[in-house]
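Working notes, beginning with the structure itself.
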Amino acid sequence: MATSPTTSADEGAPSSHQQQKPLPNRPENKLAAIPKGSRIHKRPLPIPPPRRTLNTRVVSTSSSSQAADTDGYIPPPRAPYTVIIKVASSASFMSLVKRVRKALESNASRRQKTKGLPLTAQIAALNVQHKNGGRTLAGPIEDALDDVVLIATGRAIQKAVDVGAYFTREQDLTVLARTRTVQAIDDIEMVDEDAEEEDSVRVRQVSCLEVGIRWS
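Okay, so the sequence shown: first residue is 1 according to UniProt numbering, each after it adds one.
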């Protein structure tokens, strides 16, 4: 039986297996639809993370045992001087700029002590140490050098990007962006008293952006 010749277009076409291959980092299961007669109450996002402050000597073991998120990212410990600002979608651009500027000016004295030092020397100045798997490890934990950290999710991400881009114009500042995933908790409350379902809780994954700003 004669077979049709294979054309170049057929050779370049992806197979059915390749077409069905899921995208990386795509959730395997979508969130189930909420029951009829219910409403969603979104809890505040669990950011900034629980206090993981870098003391002048050692970080507690409880902070180092914090679980990673779905992308394998563990929020870095923060230096005592780091100011964390949670960006709201309703916040104005200039108000965020002023808050960042104020936090940077409050750390100006610390900048004079490490000005001109290489990055490794700046990290060593923190005396950063933490425990991992029973072993004590010393830096480098570069993220701990941030003077200010902007944390944003959803529609506020673009606002955090704009603020970070604004401070990249200054030569004596370094701006870094990091992405992570946080777990948000929603309360599903039944409005209809005659409904058979009960109040429940669901967990969803939310993309988060951290913008770190530090003195160079």
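Glycine residues also receive a C-beta, built at the ideal position from the N, C-alpha and C atoms.
Keep in mind it's a predicted model, so treat the numbers as computed, not measured.
Just the C-alpha distance for residue i and residue j, rounded to the nearest angstrom, thanks.
i, j, result
"Glu210", "Leu176", "8 Å"
"Lys102", "Trp215", "13 Å"
"Asn107", "Asp147", "7 Å"
"Ala152", "Thr179", "10 Å"
"Ala195", "Leu104", "54 Å"
"Arg169", "Ser92", "20 Å"
"Pro35", "Ser95", "40 Å"
"Ser90", "Val83", "20 Å"
"Asp199", "Ile188", "6 Å"
"Ile40", "Gln171", "46 Å"
"Ser38", "Leu145", "45 Å"
"Val87", "Asp186", "20 Å"
"Gln150", "Val201", "It should be pointed out that residue 150 corresponds to Leu in this sequence rather than to Gln. Taking the straight line joining both Cα atoms gives about 28 Å."
"Val161", "Leu45", "19 Å"
"Arg155", "Met190", "28 Å"
With H, G and I counted as helix, E and B as strand and the rest as coil, what does DSSP make of residue i?
i, result
"Asp172", "coil"
"Val203", "strand"
"Lys98", "helix"
"Lys159", "helix"
"Glu105", "helix"
"Ala184", "strand"
"Ala79", "coil"
"Ser65", "Caution applies to Ser65, whose pLDDT of 43 falls short of 50 and renders its modelled position unreliable; the model cannot decide the point."
"Leu209", "strand"
"Leu150", "strand"
Excluding sequence positions up to five away, which residues of its chain have a Cβ less than 6 Å from the Cβ of residue i?
i, result
"Phe167", "Leu173, Val175, Ile213"
"Cys208", "Thr153, Arg180, Val182"
"Lys42", "Asp186"
Given that a residue counts as buried once 16 or more other Cβ atoms are within 10 Å of its Cβ, and exposed if not, what is residue i?
i, result
"Gly164", "buried"
"Lys30", "exposed"
"Lys159", "buried"
"Ala33", "exposed"
Near residue i, what residues of its chain come up, given a Cβ to Cβ distance below 7 Å and the 5 sequence neighbours on each side ignored?
i, result
"Val97", "Val163, Tyr166"
"Arg99", "Ile85"
"Asp192", "Gly37"
"Ile157", "Leu209"
Quick one: what's residue i bridged to in DSSP?
i, result
"Ser38", "Met190"
"Arg214", "Thr174"
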